[in-house]
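Let me begin by presenting the structure, written as structure tokens, before commenting on it.
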Amino acid sequence: MLRRQPAAGLLEPYDTEPEFRVLAALAATPVRAPRVLWYERDPAVFERPFYVMELVRGTVPLPVMVDGKPVFDDDARARLGEDFVGNLAALHAVDWHAADLDFLGAPAPGTGAAARELARWEGYVARAGGPPRPLLTEAVLWLRRGLPATDEITLVHGDYRTGNFLVDGGRIAAIVDWEMVHLGDPMEDLGWACMTLWRGESPYMCHLLEREQLYARYEQRSGRRVDRARVHFYEVLATVKMAAIMLTGLHAFREGRTRDLRMALFDHQWAYMSVAIAQARGFL
């Protein structure tokens with residue numbers, strides 16, 4: 003499989019090398035991730051940098067069924083839910099110093115992890131421009147006032163959810179889409195997984211586990227206490243982050259830097275994004 007750096011799109015400027023280096027390091031860990039083979043920087047080969055990885059067979063389950071209806075049956079949910087939590091706990095247990103992943107840059111102590119992520123996604127929103135979006139602005143202001151502190155810094159996937167893993171034989175075969183990997187607060191991945199966009203009206207986070215079940219299983223597998231206040235902060239931040247991604251893609255499409263029609267649809271999907279922000283803030 004070949005993954006080439008996109009010319010424009012959702013995460014600009016985009017660089018495939020950090021995710022390649024992380025995937026290379028994860029080969030020596032229990033985390034189920036594709037095994038990478040080599041990285042090519044020379045644009046003369048395929049115009050943009052790319053890397054090659056081994057093919058992982060499987061299907062990608064997407065939560066596309068009617069809201070409230072089960073995406074997985076009970077048996078599949080139990081198996082995949084266990085794998086989902088187990089892989090996340092394994093990722094957060096990686097010794098990133100020993101794995102030579104310091105190049106990702108550890109955030110400052112205390113509120114540094116939260117502040118850095120908020121600043122990053124605020125920057126994307128500002129660069130995308132567009133009309134005022136009051137709900138988004140309110141969420142950002144709320145986040146600024148309540149930055150949580152932590153001394154726990156781990157590898158963070160950044161997009162850990164249903165839709166970003168391959169299933170083969172009823173088990174998770176590989177976690178994919180590592181372009182947002184970074185060092186940060188492990189509660190960030192839990193907050194992202196709990197966002198309503200990944201479950202609709204279902205009571206199951208990512209259509210896999212109920213919230214308290216997710217927390218309990220994560221605590222058992224990781225040995226780390228779930229800080230609910232920090233998870234809530236990152237769940238609100240998740241909506242700001244997703245909004246920033248949508249606005250960035252829409253901006254790239256309007257400027258003619260991408261022809262991907264999915265980016266154009268973001269304008270029509272903003273109503274759903276607004277509902278997700280309002281739900282995270284407790285307004286709905």
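Residues 3 to 286 (the numbering used here) are what the sequence shown spells out, left to right.
Cβ atoms here follow ideal geometry from the backbone N, Cα and C, with glycine treated the same way.
What first and last residue would you give for the beta strand (DSSP E) that runs through residue i?
{"i": "V38", "result": "V38 to E42"}
{"i": "T139", "result": "First-last for T139: P136 to R147, but that is the alpha helix (DSSP H), not the beta strand (DSSP E)."}
{"i": "Y53", "result": "F52 to M55"}
{"i": "F167", "result": "F167 to D170"}
{"i": "R5", "result": "L4 to R6"}
{"i": "V47", "result": "Where V47 is concerned, there is no enclosing beta strand (DSSP E), although the alpha helix (DSSP H) it sits in stretches over P45 to F48."}
{"i": "V158", "result": "T156 to V158"}
Smallest Cα separation from residue i: which of the options?
{"i": "G112", "options": "G186, G172 and T61", "result": "G186"}
{"i": "F86", "options": "A195, M265, Q281 and L199", "result": "A195"}
{"i": "E190", "options": "V169, H159 and L210", "result": "H159"}
{"i": "L211", "options": "F74, R34 and L4", "result": "F74"}
{"i": "G60", "options": "G165, W200, P45 and R129", "result": "G165"}
{"i": "Q222", "options": "L4, M55, E84 and Y41", "result": "E84"}
{"i": "V183", "options": "A9, L143 and D17", "result": "D17"}
{"i": "A151", "options": "A115, L93 and L120", "result": "A115"}
{"i": "A121", "options": "L106, V142, D102 and R135", "result": "V142"}
{"i": "L13", "options": "E181, S224 and V33", "result": "E181"}
{"i": "D269", "options": "R201, R135 and A92", "result": "R135"}
{"i": "D102", "options": "L4, A26 and Q215", "result": "A26"}
{"i": "A130", "options": "A254, A9, G172 and G202", "result": "A254"}
{"i": "L199", "options": "L28, Q271, A92 and G172", "result": "Q271"}
{"i": "A4", "options": "D179, R261 and T260", "result": "In the sequence as presented, Ala is not what sits at residue 4; that position holds Leu. Out of D179, R261 and T260, D179 has the C-alpha closest to the C-alpha of L4."}
{"i": "Y217", "options": "I279, R232 and G132", "result": "R232"}
{"i": "R147", "options": "L64, Y41 and F235", "result": "F235"}
{"i": "W123", "options": "S204, F105, P133 and L145", "result": "L145"}
Give every residue of the same chain whose Cβ lies closer than 6 Å to the Cβ of residue i, excluding the five residues on either side of it in the sequence, and list them in chain order.
{"i": "W98", "result": "L157"}
{"i": "I1", "result": "With the chain represented from 3 up to 286, any question about residue 1 goes unanswered, as that position is not in the structure."}
{"i": "Y126", "result": "A246 and T250"}
{"i": "V58", "result": "P36, L168, A175 and A176"}
{"i": "A9", "result": "none"}
{"i": "A288", "result": "A question about residue 288 goes unanswered here, because the residues of the chain that appear run from 3 up to 286."}
Are the Cβ atoms of residue i and residue j separated by less than 8 Å?
{"i": "G284", "j": "L239", "result": "no"}
{"i": "R297", "j": "Y206", "result": "The question about residue 297 has no answer, for the chain in this structure spans 3 to 286."}
{"i": "Y162", "j": "L252", "result": "no"}
{"i": "L138", "j": "V242", "result": "yes"}
{"i": "R230", "j": "P188", "result": "no"}
{"i": "C208", "j": "R219", "result": "no"}
{"i": "L267", "j": "V277", "result": "no"}
{"i": "V54", "j": "L39", "result": "yes"}
{"i": "A117", "j": "L149", "result": "yes"}
Looking at the unbroken alpha helix (DSSP H) that takes in residue i, where does it start and where does it end?
{"i": "F235", "result": "R230 to R256"}
{"i": "V277", "result": "W272 to A282"}
{"i": "V24", "result": "E19 to L28"}
{"i": "R213", "result": "R213 to S224"}
{"i": "L12", "result": "It is not in any alpha helix (DSSP H) - L12 carries neither H nor E in the DSSP assignment."}
{"i": "A151", "result": "Counting along the chain, A151 falls outside any alpha helix (DSSP H), and DSSP gives it neither H nor E."}
{"i": "R264", "result": "L263 to L267"}
Less than 8 Å between C-beta atoms, sequence neighbours within five positions excluded: which residues of the same chain meet that for residue i?
{"i": "R43", "result": "E19 and P51"}
{"i": "Q215", "result": "G83"}
Suppose the cutoff is 7 Å on Cβ atoms and the five residues either side in sequence are ignored; what does the same chain contact list for residue i look like?
{"i": "E237", "result": "G193, C196, M197 and A282"}
{"i": "M275", "result": "M244, A245 and M248"}
{"i": "T31", "result": "A92 and V96"}
{"i": "D153", "result": "P111"}
{"i": "D170", "result": "R59 and G60"}
Just to check, is the beta-carbon of residue i closer than 7 Å to a non-hydrogen atom of the ligand HEM?
{"i": "A80", "result": "No copy of the ligand HEM occurs in the structure displayed, which carries no ligand at all."}
Ordered list of alpha helix (DSSP H) runs contained in the segment 173–206, each at least 4 residues: 189–195
Alpha helix (DSSP H) segments (min. 4 residues) lying fully within the segment 87–142: Taken in chain order, the whole alpha helix (DSSP H) runs of length 4 or more contained in the segment 87–142 are 114–130.
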